[in-house]
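Step one of this worksheet: look at the structure below.
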Amino acid sequence: QVQLVESGGGMVQPGTSLRLSCAASGFTFSRYTMHWVRQAPGKGLEWVAVISYDVDNKYYADSVKGRFTISRDNSNVYLQMNSLTAEDTAVYSCARGGGSTGYYYMDVWGKGTTVTVSS
Amino acid sequence: QSALTQPASVSGSPGQSITISCTGTSNDVGTYNLVSWYQHHPGKAPKVLIYEVNKRPSGVSNRFSGSKSGNTASLTISGLQAEDEADYYCCSYTGSSEDVVFGGGTKLTVL
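Each protein sequence line maps, in turn, to chains A and B.
For our numbering, count along the first sequence from 1 and bump the result up by 1091.
For our numbering, count along the second sequence from 1 and bump the result up by 44.
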């Protein structure tokens, strides 16, 4: 079945880096735009970044621009997170873009991986 | 980009209908028919209920419906059921790059 499984979360100190992975299965990954979305404790969902199916286009939320980098390979999407702060503490989920462009809604989601930034 | 505005909570009894609003601006919700709605049971993966304002993915109950008027989109759930108790989020294209923005979320309680 269609599935997205995130990994790579953990507890890190402020100012350090972390790389999240999302393994996709059950669909033709190369045809889909992919997103990262996060949810801080007690807060709502926040869109983080998106990468097009062909890797040509990447877009980021202002809150992570210049610090986070989204990438992908044949069956995984990644989120490289640098210069982490406490405000980046959240559950990070990857999601498949739906529709013809894949940019404007997400039709399949993973359960997420938890990132805690604390000294 | 500021988050879209949703009520923090709504409630209803089984069998009733409820509506959750999602207010944006003329730059996002008001201009583009690119509003989606998600149901999120804590600890589980979110599920898309509505996309492009009023379209329902296959497999989603027709008890869920979406609409839009001006800068405000709405999700209506009819025939409330206990399993509808969850957090609900709206999302819209912002009109900038290919960015999207979520609402703050609404907790639905089924009494």
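Heads up, the beta-carbon is just placed ideally off N, CA and C, and yes, glycines get one too.
Rounded to the nearest angstrom, the Cβ distance from Val-1146 (chain A) to Val-1139 (chain A) is 17 angstroms, too far for a contact under 8 angstroms.
In this structure, Ala-47 (chain B) keeps its C-beta atom at 7 angstroms or more from the C-beta atom of Gly-114 (chain B). With respect to chain A, the C-beta atom of Leu-124 (chain B) has no partner C-beta closer than 7 angstroms. Boundaries of the beta strand (DSSP E) around Asn-1167 (chain A): 1167-1172. Listed in chain order, the non-local C-beta contacts of Ala-126 (chain B) below 6 angstroms within the same chain comprise Val-154, local neighbours out to five positions each way being set aside.
Within its own chain, the residues whose Cβ lies closer than 7 angstroms to the Cβ of Ser-70 (chain B), once the five positions on either side in sequence are excluded, are Asn-115, listed in chain order. For the segment 1187-1203 of chain A, the set of residues with a beta-carbon nearer than 7 angstroms to any beta-carbon of chain B comprises Gly-1189, Gly-1190, Tyr-1194, Tyr-1195, Tyr-1196, Met-1197, Asp-1198, Trp-1200, Gly-1201, Lys-1202, in chain order.
In the three-state DSSP reduction, Ser-1121 (chain A) falls in the helix class (H, G or I). Ranked by Cα distance from Gly-59 (chain B), the options B:Lys-151, B:Phe-146, B:Ser-122 are led by B:Ser-122. Close to Phe-146 (chain B), with beta-carbon spacing below 7 angstroms, are these residues of chain A in chain order: Gly-1135, Leu-1136, Glu-1137, Trp-1138. With 16 or more neighbouring CB atoms inside 10 Å of its own CB, His-84 (chain B) falls in the buried class.
Closer than 7 angstroms at the C-beta level to chain A, one finds these residues of the segment 62-94 of chain B: Leu-78, Ser-80, Lys-88, Ala-89, Pro-90, Val-92.
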